[in-house]
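Position in the sequence shown counted from 1, then plus 1353, gives you my numbering. Below is one structure, written out as structure tokens; the observations come after it.
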Amino acid sequence: MMEHVVIREFLYPSFLTPPPSLTFLDQYAFLPTGFTFAAVISLLHTITTLLQSNPFVIVISLDLSKAFDTVRHSTPLAKMAGLELPVPDYNWIVDFFREHAHRTMFNVEESSTASISASIIQGSGIGLAVFTVTAADLKPLYPGNLLVKFADDTYLGVSIGTDIGDLE
């Protein structure tokens, strides 16, 4: 299938040399080297590292699955434009998102067709890779905090000062 060839042969290799604004080092899904075990080990390492210099660490778990539905196509496409992708393959991805439309049918009634400019198709190979690119610039606000991403699940490790009351 063309979709899998584009992902495996062109998109994934472009993740190895991303522009400075994107990082794939904290993502453990949708990549050829991404495994659940690697994500768990990274999360445990993150917590252990933060605990070496902080008495408390809080891990905030975020499920971003609804983000698939709200991502405007222009956002990941702009980020992919900065990757080292061959032009024909980038254009293929643009075309993949270009012609999506929706209409509703109920009984014999049919709505007009509306163009879709947002959402990433969950379950498609290209959709998963595009979501990975979309989240590649998601970084912690403070340098002492760390992120671990696995698909649409993100774990934020937050170090807390000398007192758990610092959270107030």
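Every residue, glycine too, gets a C-beta built ideally from N, C-alpha and C.
Asked: Meets three-Cβ-pair contact criterion under 8 Å: the stretch 1497–1514 and the stretch 1453–1462; Found: no
Asked: Proximity winner among 1401, 1496, 1488, relative to residue 1428 (alpha-carbon distances); Found: 1488
Asked: Proximity winner among 1486, 1459, 1432, 1415, relative to residue 1507 (alpha-carbon distances); Found: 1415
Asked: Strand pairing of residue 1507, partner residues [DSSP]; Found: 1415, 1502
Asked: C-alpha distance - residue 1370 paired with residue 1430, whole-angstrom precision; Found: 17 Å
Asked: Alpha helix (DSSP H) runs contained entirely in the stretch 1395–1480, provided each spans 4 or more residues; Found: 1420–1423, 1427–1434, 1440–1451
Asked: Cβ contact check for the stretch 1374–1381 and the stretch 1475–1493: 3 or more pairs under 8 Å; Found: yes
Asked: Residue 1451 at chain C interface by Cβ criterion, 8 Å; Found: Here there is only one protein chain, and chain C is not present.
Asked: Three-way DSSP call (helix, strand, coil) for residue 1374 in this model; Found: coil
Asked: One or two residues paired with residue 1512 in a DSSP bridge; Found: 1410
Asked: Proximal residues to residue 1381 (C-beta, below 6 Å), its chain only, five neighbours per side dropped; Found: 1387, 1391, 1392, 1503
Asked: At least three beta-carbon pairs within less than 8 Å, the stretch 1475–1488 to the stretch 1455–1466; Found: no
Asked: Inter-residue Cα distance where the pair is residue 1484 and residue 1411; Found: 26 Å
Asked: Beta-carbon spacing of residue 1436, residue 1367 below 8 Å; Found: yes
Asked: Inter-residue Cα distance where the pair is residue 1471 and residue 1413; Found: 27 Å
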